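Numbering (the working numbering), first residue to last: 38 to 118. Worksheet: one structure, shown below.
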């Protein structure tokens, strides 16, 4: 995989916390950041795919026989007899 470098401008305390976490996990900061960003991208992509599937299912939903018309008002539906 071809690699590219980026520069981040982070607060010093954040960098220290990241370095400490990477050390605890026995990995480099680069590996920790790469792993975290990969998880973020994968989560976002799976959300987008799930959203797309859901919208497609709504667009092709079963016909309920109403012809798109409301047959009752809200008050009629919630009337207590």
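For glycine and all other residues, C-beta sits at the position ideal for the given N, C-alpha and C. Since this is a predicted model, take the numbers as computed values, not measurements.
Closest Cα partner of residue i within the set the options
i	options	result
residue 66	117, 52, 88 and 39	52
DSSP three-state assignment for residue i, whether helix, strand or coil
i	result
residue 51	helix
residue 77	helix
residue 41	coil
Same chain only: Cβ atoms within 6 Å of residue i, ignoring 5 sequence neighbours per side
i	result
residue 105	none
Chain-order list of residues whose beta-carbon lies under 8 Å from that of residue i (same chain, five-residue window excluded)
i	result
residue 48	none
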